[in-house]
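Visitor: Before anything else, here's the structure in question.
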Amino acid sequence: MSVIGIDFGSDLCYVAVARAGGIETIANDYSLRQTPSCVAFSGKNRVIGVAAKNQLVSNTKNTFFGFKRLLGRKFKDPFVQQELKTLPFKVVETANGNIGMVANYLDEVHTFTPEQITAMLFTKLKEISEVALKAKVNDCVISVPSFFTNAERKALLDAAAISGLNVLRLFNESTATALAYGIYKQDLPNPEEKPRNVVFVDCGYSSLQVSVCAFNKGKLKMLACVSDPNLGGRDFDVILADHFAEEFKAKYKIDAKSNPRAYVRLLGEVEKLKKQMSSNSTKLPINIECFMNDIDVHGDMKREDMEALSGHLFQRVENVLKQCLADCKLKVDEIYAVEIIGGSSRVPAIKQLIEQIFLKSPSTTLNQDEAVSRGCALQCAMLSPAVRVRDFSVTDIQNFPIKLIWDASKGDEGEMELFTPKDAVPYTKMLSFYRKEPFSMKAVYTGNIPFPDPLIARYVVKDVKPTAQGTSHKVKVKVRVNLHGMFSVSGAQLTEKRDATEQEQAEAEQKEAEAKQEAQSKDANDKQEPMDTESTDGSELNHKDEPMEEDSDKKDKKKTKQIVKVIELPVESTATGYTQQELNLHIEEECKMIANDKQEKERADARNALEEYVYELRGKLGADDELGMYVTEADRTELLQKLDSMENWLYEEGEDCNRQVYVDQLSTLKKLGEPIKERRLEHELRPSAVEELRAALQLTRKAVEQWRAGDEKYSHLTDDEMQRVQTSFDTAQRWLDDNASALNPSNKTLDPTIKVSAVREQKHSFTSAVTPILAKPKPKVEPPPTADSKDATDNGPTAGTGDHSSQKNSQEEKMDVE
């Protein structure tokens, strides 16, 4: 099983995987490393990624993009209403006030939520990963903008669950970039030394994020992160598109904004122009053929003109940069470097602003497009037990302050700020309440957040009852910001104290005595205090809560012990996002659509195979073509008519048939076309097969003649063996002579009576019979003994003598020495 990191962007997605000792970005089915965040629908199936982006102009109303910015929001959200002005597809309000995206799918009108559309994109990314890795993909880490709130993060988790992905962590894009930068640095300062501070500027398609991170060897800590959720490359595109739309309106009397398809084309062209202006300061042209009403349009612009039009956007970039520098509380000379990522960070004016504020030239050490996905893949590898990664500590921060509000009771305050900006993530706190009945709380964001509703969730702690004396119980509530950066009340406990009964007290004292005696028996010098024990019902005996005796004369009186019992309380939450029932329903719908896509792909492949066979066979049946001489004129004419009829059927009533219909039609055509191909193949391969058989016969004949002539090479072969060789030779030669006419037919339009396979089988049978005999090696002959070898045998043992001979020879040598 493989683990992946997904950079989910508003415009493009990247998928990276940790394997082979490094991080690799996965290419999709178009051999591209980036996959557009687009989902399109047709009458029969879904089209996702590159194919959806390619049909954006032709299928504008059924192609969805920009849905990342709609996650977790309501239809009447002012931010959503602003976004809808730039989206060409239909968006409606659902019954519960959520967003519904209308599409024509399977020839019916369907309404999908942004979470469902996102899940479809994740399904495609998962499929791309599994094809590339040839392994099942389940665990992943998905990037998320640092300014996303609880509602948006929950929506993203729901989308991943619908697609079948298990999200180990929602990783802030700024932190993922910092991890990708720091984990490979070998020269970071030691933990006890002053950290290295690096600024990361991420200007993407739809947002700007600026963060500061402190690095030490083996760890990183985020210091500050400031963002502008509505400032990115697309804002520059819109300004340029509006400028040219006004220019074309004045020059050509056409209004691009009135035609969604034309405006989408214009946005695509000005994006190309913007990229060209980043590397060229001269005047650059923009030309669009048949833009509207069959009118070709032309315009031009210089970089200076674009910067003048976008001056207010650059001012917002400058404000974010300055705010981040102020929040991190660092001086400019304490910053080691400024790294830029994101496609829009290539704009020269943004680079100039960075240099002016931080007094450093922006660095491009990281891959500007793939840094976030690489960081997510690294984090996923760290969290997964299946992959071994270098230890590297990551400390993220909370971006928005969170406050908890409850009903005031007994004079205590009714609200409390739990988490402040720059608090570490994940982080857990315990709160103590004194209550005698169930109580409610709500968590809200405070300060300026990019979300209309500051409410996070409402919580009700149930099953709280008064003590036997009618007083309040102590209730501990655990609040947490988890790895995903989401706030939750993770649990509540009630602490119940009561006096132990005489039996419980006697049992406890007996256990204490036994424990004390056992400890003393082990080490008489080691005096161990009696330990707290548990009763049979799980209650804990707590000596700390014993009441103090007021009368000194009663010190000898046995103290009454108390039992402390911790009871887990149910916590009911009302938060945004899908319920489990809704989630299961959407998962089932997604599985049905995946099955339908697979079925439609198989149907389309079968149709394409039939269409391809029709074109291929017809192109080779001409009189001068490669198959023309292997079919009679009458058969060729009849077959061409059938091929033409099949082509017409494919584009008329056969346009939309089941897969099996195309398979049957292809089988019918192959019964007519394949015999022609086989005759051609037989004609081309037969000469070489016959020549190979003749060459084997010639070699055998020569070997027999050499044996008869007394050649030393075959002198070791017996008469019986050579007789078998001769018999096999005569049989094969006779078969070749008898079938000489059949092996060289004059009429190529007839099926051969003897096929190439029969010739090869004859050769194989012949060589299997004669080769073992002719290749038989000569027996080895021992050379006659010489005089030297005879003396050596007389004077000492040979290599084959035993131990006794060796000992005897050794004794003789010793005697000679003496």
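Final position of the sequence shown in UniProt numbering is 818; the numbers increase by one with none missing.
We put the CB at the ideal spot given by N, CA and C, even for glycine.
None of these values were measured; they are calculated from a predicted model.
Please determine, among Leu569, Gln665 and Leu583, the residue with the shortest C-alpha to C-alpha distance to Glu612.
Guide: The candidate whose alpha carbon is nearest that of Glu612 is Gln665.
Visitor: So, helix, strand or coil for His764, using DSSP?
Guide: Helix at His764.
Visitor: Specify, as a first and last residue, the run of the alpha helix (DSSP H) that Tyr205 falls within.
Guide: Neither: Tyr205 is in no alpha helix (DSSP H) and is coded neither H nor E.
Visitor: Taking just the CA atoms, how far does Val444 sit from Pro454?
Guide: Taking the straight line joining both Cα atoms gives about 5 Å.
Visitor: Three-state secondary structure (DSSP) at Pro78?
Guide: Reduced to three states, the DSSP call for Pro78 is helix.
Visitor: By how many angstroms is the C-alpha of Leu383 removed from the C-alpha of Leu121?
Guide: So the two alpha carbons sit approximately 24 Å from each other.
Visitor: Would you call the CB atoms of Leu179 and Leu220 closer than 8 Å?
Guide: Yes; because the gap between Cβ atoms is below 8 Å, this pair is in contact.
Visitor: Just tell me which of Val661, Glu647, Lys620 and Glu590 has its CA closest to the CA of Glu602.
Guide: If we check each option's Cα against that of Glu602, Val661 comes out closest.
Visitor: Do Leu70 and Val80 count as a contact pair if the criterion is CB distance below 8 Å?
Guide: Yes.
Visitor: Taking the alpha-carbon positions, what's the Pro426 to Asn59 distance?
Guide: Cα to Cα, Pro426 sits roughly 44 Å from Asn59.
Visitor: Starting from the Cα of Pro450, find the closest Cα among Ala513, Val347 and Phe147 and give me that residue.
Guide: Here the closest residue by C-alpha is Phe147.
Visitor: In this structure, how does DSSP classify Ala95 when only helix, strand and coil are distinguished?
Guide: In the structure shown, Ala95 sits in coil (DSSP, three-state: anything other than H, G, I, E or B).
Visitor: Taking the runs of the beta strand (DSSP E) that are 3 residues or longer, which of them lie wholly in the segment 391-477?
Guide: 393-397, 402-406, 415-419, 427-435, 439-445 and 455-461, all fully within the segment 391-477.
Visitor: With a threshold of 8 Å, are at least 3 pairs of Cβ atoms found where one atom belongs to the segment 616-635 and the other to the segment 670-678?
Guide: Because the criterion of three Cβ pairs below 8 Å is met, the segment 616-635 and the segment 670-678 touch.
Visitor: Which whole runs of the beta strand (DSSP E) in the segment 182-263 are 3 residues long or more, in chain order?
Guide: 196-203, 208-216 and 219-228, all fully within the segment 182-263.
Visitor: I'd like to know whether the C-beta atoms of Gly485 and Asp158 end up nearer to each other than 8 Å.
Guide: Contact: no.
Visitor: Could you tell me the alpha carbon to alpha carbon distance between Ser361 and Glu318, rounded to whole angstroms?
Guide: Taking the straight line from one Cα to the other gives about 15 Å.
Visitor: Nearest-angstrom Cα distance between Thr631 and Asp29?
Guide: Note on identity: in this sequence residue 631 is Val, with Thr being the wrong assignment. Using only the alpha carbons, I get a separation of about 40 Å.
Visitor: Would you tell me roughly how many angstroms separate the C-alpha atoms of Asp711 and Glu705, rounded to the nearest one?
Guide: Whole-angstrom Cα-Cα distance: 9 Å.
Visitor: Considering only the alpha carbon of each residue, which of Lys272, Glu271, Asp296 and Met301 lies closest to Ser281?
Guide: Residue Met301 is the option with its Cα nearest to Ser281.
Visitor: Is it buried or exposed, Asp730, if we count other Cβ atoms within 10 angstroms and call 16 or more buried?
Guide: Exposed, because fewer than 16 other Cβ atoms sit within 10 Å of the Cβ of Asp730.
Visitor: Residues in the same chain with beta-carbon distance under 7 Å from Ala696, minus the five sequence neighbours each way, listed in chain order, please.
Guide: For Ala696, where only same-chain residues beyond five positions count, the Cβ hits under 7 Å are Lys763, Phe766 and Thr767.
Visitor: With distance defined between alpha-carbon atoms, name the residue in Arg196, Val212 and Ala27 nearest to Glu173.
Guide: Of the candidates Arg196, Val212 and Ala27, the one whose C-alpha sits nearest the C-alpha of Glu173 is Val212.
Visitor: Identify, in the order they occur along the chain, each residue of the same chain with its Cβ nearer than 6 Å to the Cβ of Thr727, setting aside the five sequence neighbours on each side.
Guide: Nothing listed; no residue qualifies.
Visitor: Give the C-beta separation of Phe171 and Arg196 to the nearest angstrom, bearing in mind that I take them to be a contact with Cβ-Cβ under 8 Å.
Guide: That belief does not hold up - the Cβ atoms of Phe171 and Arg196 are roughly 21 Å apart, past 8 Å.
Visitor: Count the CB pairs spanning the segment 680-697 and the segment 736-749 that are closer than 8 Å, and state whether there are at least three.
Guide: Segments in contact, yes.
Visitor: Any beta carbon from chain C within less than 8 Å of Asp730's own beta carbon?
Guide: Among the protein chains of the structure shown there is no chain C, as only one such chain exists.
Visitor: Locate the beta strand (DSSP E) running through Pro752, then write down its first and last residues.
Guide: Where Pro752 is concerned, there is no enclosing beta strand (DSSP E), given that its DSSP letter is neither H nor E.
Visitor: For Met593, is the classification buried or exposed, using 16 other Cβ atoms within 10 angstroms of its Cβ as the cut-off for buried?
Guide: So Met593 counts as buried.
Visitor: Would Tyr14 and Ser373 be called neighbours here (beta carbons separated by less than 8 Å)?
Guide: Cβ distance < 8 Å, so Tyr14 and Ser373 count as in contact.
Visitor: Is Glu173 close to the ligand ADP? I mean its beta-carbon at under 7 Å from any heavy atom of the ligand.
Guide: Questions concerning the ligand ADP fall outside what the structure shown contains, since it holds no ligand whatsoever.
Visitor: Find the nearest neighbour of Gly342 within the set Phe291, Gly233, Gln398 and Ile402, judged by alpha-carbon distance.
Guide: Selected option, being the one with the closest Cα: Gly233.
Visitor: Taking the beta carbon of Ser344 as the centre, do at least 16 other beta carbons fall within 10 Å, making it buried, or is it exposed?
Guide: Buried, by the Cβ-count rule.
Visitor: Please state whether DSSP places Gly49 in a helix, a strand or coil.
Guide: Here Gly49 sits in coil by DSSP.
Visitor: Can you tell me the Cβ-Cβ gap for Val338 and Phe314, rounded? I've got them flagged as a contact below 8 Å.
Guide: 17 Å between Cβ atoms; not a contact.
Visitor: Among the candidates Arg169, Ala732, Leu240 and Asn584, whose CA atom is the shortest distance from the CA of Glu307?
Guide: Selected option, being the one with the closest Cα: Leu240.
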